[in-house]
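Report on the following structure.
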Ligand SMILES: [Mg+2]
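Residue numbers (my numbering): 3 to 258.
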């Protein structure tokens, strides 16, 4: 195992840190054990409370269109048309959301409603973003050293800002220089990292990408970006080969 000083040295020449979220800044269980259960438990109350709002009706309309497209799938729930009794439509919308989530669907209709529900949940403090204890001190140290910090996650930029804007320690958005999601490209494609390098105006060789996924690290390296694979509790175990091939760390506190 490398001495911590070697890792600090590695970060010395870095101008930009690029951070993954799940399994890196945040427990991999946060989405699975906090965000998704929140939707299942509150979707009925949320729709009831916001039903009259235009945004909510647009969410329901999108769910209805998705249900029509899914009509042939086993277990799919149809949503009655607009003119039907409110409670029948609402109950069907709830059932449709629960079915989509059970089937692990990634539809725009589902994501849009989830995004609106999480926005409300963060705003009222019902949900708080989790970051590991070593994250905020590292962000402060890196920025004090003149480095910039960006996020790159498959969660939307809006979802990223909600998480970091409402953590258990309050908002830490002011410690971040910017956000990227898959609009810039998939996380396993080298091209995405070239685009990010160009977007932040920093040569790839001066960027360090921290992620828990070795496929993402390999893609970043292909683009000339330095990487370190983060091993947090609950992450998928690295193989012996992966451990040989990639630099690894279990905490950000060794990196400054
Ligand atoms: Mg990750």
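Cβ atoms here follow ideal geometry from the backbone N, Cα and C, with glycine treated the same way.
| Query | Result |
| --- | --- |
| The beta strand (DSSP E) enclosing residue 2, as first and last residue numbers | No information on residue 2 is available, as it lies outside the stretch 3 to 258 that the chain covers here. |
| Exercise answer, beta-carbon shell around ligand 1 heavy atoms below 6 Å | 22, 24, 25, 26, 213, 214 and 215 |
| Residue 229 Cβ short of 7 Å to ligand 3 heavy atom set | Absence of ligand 3 from the depicted structure is noted, with ligand 1 being the only ligands included. |
| Counted within 10 angstroms of its Cβ, other Cβ atoms place residue 102 as buried (16 or more) or exposed | buried |
| Residue ranges of each beta strand (DSSP E) within the stretch 162 to 241, 3 or longer | 180 to 182, 209 to 213 and 228 to 232 |
| For residue 150, three-class secondary structure by DSSP | strand |
| Segment contact flag, the stretch 152 to 161 with the stretch 179 to 192, C-beta cutoff 8 Å, min 3 pairs | yes |
| Proximity winner among 209, 245 and 38, relative to residue 12 (alpha-carbon distances) | 209 |
| N-terminal and C-terminal residue of the alpha helix (DSSP H) that residue 99 is part of | 88 to 104 |
| Nearest-angstrom Cβ-Cβ length linking residue 66 and residue 257, presumed shorter than 8 Å | About 48 Å separates the two Cβ atoms, so there is no contact after all. |
| DSSP-derived helix/strand/coil call for residue 133 | coil |
| Rounded straight-line distance, which links the Cα of residue 245 to that of residue 121 | 38 Å |
| Among 105, 168, 203 and 197, the one whose alpha carbon lies nearest that of residue 221 | 197 |
| Integer-rounded CB distance, given that residue 111 should sit under 8 Å from residue 64 | 4 Å |
| Reduced DSSP category for residue 251 - H, G, I as helix; E, B as strand; rest coil | strand |
| Limits of the beta strand (DSSP E) - the one that residue 19 falls within | 18 to 21 |
| With 16 other Cβ atoms within 10 Å as the buried cut-off, status of residue 42 | exposed |
| Proximity of residue 173 and residue 167 at Cβ, strictly below 8 Å | yes |
| Short Cβ contact (8 Å threshold) for residue 2 with residue 99 | Because residue 2 is not part of the residues shown, which for the chain are 3 to 258, the question remains open. |
| Whether residue 131 touches residue 178 by CB criterion (8 Å) | no |
| Helix, strand or coil at residue 128 [DSSP, three-state] | coil |
| Span separating the alpha-carbon of residue 203 from that of residue 18 | 10 Å |
| Beta-bridge pairing of residue 28 - partner residues as DSSP gives them | 24 |
| Cβ-based neighbour list, residue 211, same chain, cut-off 6 Å, excluding 5 preceding and 5 following | 20, 222, 227 and 229 |
| Cut-off 7 Å between Cβ atoms - residues of its own chain near residue 118, not counting five sequence neighbours on either side | 57 and 61 |
| Residue range of the alpha helix (DSSP H) that includes residue 35 | Here residue 35 belongs to no alpha helix (DSSP H), and DSSP marks it neither H nor E. |
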